[in-house]
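As they're listed, the protein sequences go chains A and B. Residue numbers for the first sequence follow the numbering used here, so the first one is 1 and each next one is one higher. Residue numbers for the second sequence follow the numbering used here, so the first one is 1001 and each next one is one higher. Every residue, glycine too, gets a C-beta built ideally from N, C-alpha and C. As the structure is a computational prediction, the values presented were derived from the model and not from experiment. See structure below.
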Amino acid sequence: MAKKILLVEDEEIMIDLLQRNLAKEGYEVFIARDGEEGLRIMKEAMPDIVLLDVVMPKMNGFEVMEEMAKDKILAKIPVIIISNSGQPVELDRVQKLGAKDWLIKTEFDPQGVVDKVEKQIAK
Amino acid sequence: MKKNPNKKTAEKIKETRPLATVTELLEISRKKEKEAQEMDRIIRTLVRKNFELSEIKEKRKAELRELEIKTRELEKTRVALINMLEDVEKARKKAEEEKNKTLAVITNFADGLLVFNKEGRLILINPQAEGFFNVKSRDLIGRSVLELNISPTLEPLTELLGGEIKGIFRKELPTRENLTLEVSTVSMMSGEETLGRLVILHDITREKMIEKMKTEFVSISAHQLRTPLSAIKWTLRMLLDGDLGEMTLEQRDFIEKTYWSNERMITLINDLLNVTRIEEGRYLYRPALTDIGPVVQLVIDSFREEIKRKNIECEFRKPEKKLPKIMMDAEKIELAVQNLLDNAIRYTRLGGKVIISLKHGKNEVEFSIADNGVGIPKDQQQRVFTRFFRGVNVIRLETEGTGLGLYIAKNIIETHGGKIWFESEEGKGTTFYFTLPVKKEFEELSEEF
């Protein structure tokens, strides 16, 4: 059975590129365009991994992680942060919130994301 | 004039006694003689007394004259004294006026002022300073710097000044929300003698706010620019990887060039963000004991293609003995070395030479990077580490470059407690050096988001 990935990202072109690459690798990809929607889909679909943007409308990535931590089941889902700013302080905070890994968009390309996802799921 | 006594006696005789014997006459004559002698003695005495009297009179006169002279002199002295008293009074009034003027200047001065005497006790605090710290002069006068701590609002200032009031020049002091002061101390001297110290507090809240707004503007713009740049990067990468179908060689060539232009833009934005972080004092450092050799090697390796393209001879000289580990943020030092190597390669002509070396100094590790490139013109050397600086000769050589690399490198090295400097001759080449202390540990700087 295909592994499920939830992509929470508000930038349309990023969604397109990532979805394309991940689907090509055989993953089932769910899309959420803000934090709130992300949490909702997370509860319904129970993904194997979450790819989470930080700066988003309605609920940002930090808040999503805080909500996840409150829920016993959601807390177990590994999270990879896709950061736009790559500010050390931002990375510090998501690390403290329990993110398994992170990547800075300008330093990676879609294949890099796929590699990180594979690495996490293989664990 | 007195009558002759002998004549008087004879007349008396003629009147009362018509005749007298010779003996009687003789007797009378003797008596008269005696009387005459007595008279003579009395007269002489009188004359002498008279003389003595006139002498005394003369003496008195002389004394009087002397007294008059003395009185005149005294009078003169009195006038002089009165004049002097008037002068003193004038001087006192003038001094009072001057004091009032000085006080008025101090009181109405836009800056806060604190005056300490040579014993280090507060003798004056003007209303501005009272306002800055929300304190009252009467509670503080006569106290030493450390004793000013009774008012908690003064704590940041007393901490900065220290017990002995050290010399401070334009040091920033955030006191409370919405108030940032710039503190300077001045020694008040009269000739060689120290009269005390003056503490000047200049309100720079507005300047700080403008600076913050400027930095925030750059920071937000840079962040906003990153999103589309990432999207472009990812799209171009997919095109280049053939994920969106095959391309002709020409198409591929153009896309590749666009990809690298985009990468340069990302570097520029990252530089700008680093500068804003440095300026906001929230450039995070994560120090750990690190071997600097492999860090430098990593940077050299990342430039391998560029070194090959420009046919530059690049040599890395390491000491025979292993270098001690340094307490440093490897990522930041890597960035500093990267900026220095990037410059060395960029501004060295095809076939040039770059020598990188690491040495063990007394209590430090010294890094140097020498090139035989274009050099820095003498008249511009002072500005090398300032933001956006680019030498006129290198702008002609290559338009690309932000002028931020050395500014960032200097901040990184200095935060590590190290020094950075260079030697350069236009047309011959440049050598940049930096040192990092071996034993010194520096605190992890916290970053506020």
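Which term fits residue i, buried or exposed, when burial requires 16 or more other beta carbons within 10 angstroms of its beta carbon?
i: D109 (chain A); result: buried
i: R1453 (chain B); result: The requested residue 1453 (chain B) does not occur in the structure, where chain B is confined to residues 1001 to 1449.
i: R1197 (chain B); result: buried
i: S1446 (chain B); result: With a pLDDT of 39 at S1446 (chain B), under the threshold of 50, the modelled position of that residue is not reliable, and the figure given next carries that caveat. Classification of S1446 (chain B): exposed, given that the 10 Å Cβ count is below 16.
i: T1045 (chain B); result: exposed
i: S1261 (chain B); result: exposed
i: F62 (chain A); result: buried
i: M14 (chain A); result: buried
i: R1237 (chain B); result: buried
i: W1234 (chain B); result: buried
i: T155 (chain A); result: This structure leaves residue 155 (chain A) out entirely; chain A is present only between 1 and 123.
i: F1449 (chain B); result: Note that F1449 (chain B) has pLDDT 30, beneath the 50 cutoff, so the model's placement of it is unreliable and no number is given.
i: V29 (chain A); result: buried
i: G1062 (chain B); result: In the sequence as displayed, the identity of residue 1062 (chain B) is Ala instead of Gly. With fewer than 16 other Cβ atoms within 10 Å, it is exposed.
i: L1289 (chain B); result: exposed
i: M68 (chain A); result: buried
i: P1152 (chain B); result: exposed
i: L1122 (chain B); result: buried
To which residues of the same chain is residue i closer than 7 Å at the C-beta, ignoring the five residues directly before and after it?
i: L1340 (chain B); result: I1369, A1409, F1432
i: N1149 (chain B); result: E1155, T1158
i: L1350 (chain B); result: K1310, N1311
i: M1001 (chain B); result: Unreliable positioning characterises M1001 (chain B) in this predicted model, as indicated by a pLDDT of 49, which lies under 50. The coordinate reading is nonetheless provided below. So the list is empty, once near-sequence residues are dropped.
i: I1269 (chain B); result: A1222, L1225, R1226, L1229
i: I121 (chain A); result: K3, D48, I49
i: R1383 (chain B); result: F1389
i: S1137 (chain B); result: I1125, E1130
What is the DSSP secondary structure of residue i, counted as helix, strand or coil?
i: N1311 (chain B); result: coil
i: R1387 (chain B); result: coil
i: Y1259 (chain B); result: helix
i: G1112 (chain B); result: strand
i: M1001 (chain B); result: Confidence in M1001 (chain B) is poor, its pLDDT being 49 and thus under 50, which makes the residue's placement too unreliable to answer from.
i: D1241 (chain B); result: coil
i: D1291 (chain B); result: coil
i: A32 (chain A); result: strand
i: E9 (chain A); result: coil
i: F1432 (chain B); result: strand
i: D1405 (chain B); result: Looking at the sequence itself, residue 1405 (chain B) is Gly, so the reference to Asp does not match. It is helical.
i: I1412 (chain B); result: helix
i: P1377 (chain B); result: coil
i: E1366 (chain B); result: strand
i: M14 (chain A); result: helix
i: I1345 (chain B); result: helix
i: M1 (chain A); result: coil
i: I1355 (chain B); result: strand
i: K72 (chain A); result: coil
i: K1439 (chain B); result: coil
What is the C-beta distance between residue i and residue j, in whole angstroms, given that I count them as a contact (C-beta under 8 Å)?
i: S1424 (chain B); j: I1376 (chain B); result: 4 Å
i: I1165 (chain B); j: V1186 (chain B); result: That pair is no contact at about 10 Å.
i: V54 (chain A); j: E9 (chain A); result: That belief does not hold up - the Cβ atoms of V54 (chain A) and E9 (chain A) are roughly 10 Å apart, past 8 Å.
i: I1292 (chain B); j: R1317 (chain B); result: With a Cβ gap of about 14 Å, I1292 (chain B) and R1317 (chain B) do not count as contacting.
i: N1274 (chain B); j: Y1283 (chain B); result: 7 Å
i: E2 (chain A); j: G35 (chain A); result: Correcting the residue identity first, residue 2 (chain A) is Ala in this sequence and not Glu. Not really, about 25 Å apart at Cβ, beyond 8 Å.
i: I81 (chain A); j: L52 (chain A); result: 6 Å
i: G1403 (chain B); j: N1343 (chain B); result: With a Cβ gap of about 11 Å, G1403 (chain B) and N1343 (chain B) do not count as contacting.
i: P1127 (chain B); j: T1102 (chain B); result: So it is not a contact: roughly 15 Å between Cβ atoms.
i: L6 (chain A); j: V114 (chain A); result: The pair is not a contact, with the Cβ atoms about 15 Å apart (cut-off 8 Å).
i: V79 (chain A); j: K100 (chain A); result: 6 Å
Leaving out five residues on either side along the sequence, give the residues of the same chain with a beta carbon under 8 Å from the beta carbon of residue i.
i: E1426 (chain B); result: V1374, G1375, I1376, P1377, K1378, N1393
i: F1132 (chain B); result: G1112, T1175, L1179, L1181, L1201, D1203
i: K1171 (chain B); result: L1160, E1182, V1183, S1184
i: M1188 (chain B); result: V1115, T1194, L1195, G1196, R1197, L1198
i: R1252 (chain B); result: L1240
i: T1348 (chain B); result: K1310, I1312, V1354, D1371, N1372, G1373, V1374, G1429
i: E1334 (chain B); result: V1295, L1298, V1299
i: K24 (chain A); result: none
Less than 6 Å between C-beta atoms, sequence neighbours within five positions excluded: which residues of the same chain meet that for residue i?
i: G86 (chain A); result: I104
i: L17 (chain A); result: P110
i: V1337 (chain B); result: V1296, V1299
i: E1366 (chain B); result: K1359, T1435
i: G1120 (chain B); result: S1144
i: K1208 (chain B); result: T1180
i: E1279 (chain B); result: T1215
Within 7 Å: the Cβ of residue i and any heavy atom of the ligand GTP?
i: E90 (chain A); result: In terms of ligand content, the structure shown is empty, and the ligand GTP therefore cannot be addressed.
key: Continuous beta strand (DSSP E) assignments of at least 3 residues falling wholly in the region 81 to 112 of chain A   = Those beta strand (DSSP E) runs which fall completely within the region 81 to 112 of chain A and span 3+ residues are 101 to 104.
Residues of the region 1216 to 1250 of chain B whose Cβ lies closer than 8 Å to any Cβ of chain C, in chain order: The structure shown contains no chain C; its protein chains are A and B.
Check your understanding: What are the uninterrupted segments assigned as alpha helix (DSSP H) that are 4 or more residues long and contained completely in the region 1125 to 1194 of chain B, given in chain order?
Key -> List check, alpha helix (DSSP H) in window: 1127 to 1133, 1137 to 1140, 1155 to 1161.
* Whole beta strand (DSSP E) runs in the region 1192 to 1242 of chain B with 3 or more residues, listed along the chain? -> Counting whole runs of 3 or more residues, the region 1192 to 1242 of chain B contains the beta strand (DSSP E) stretches 1193 to 1203.
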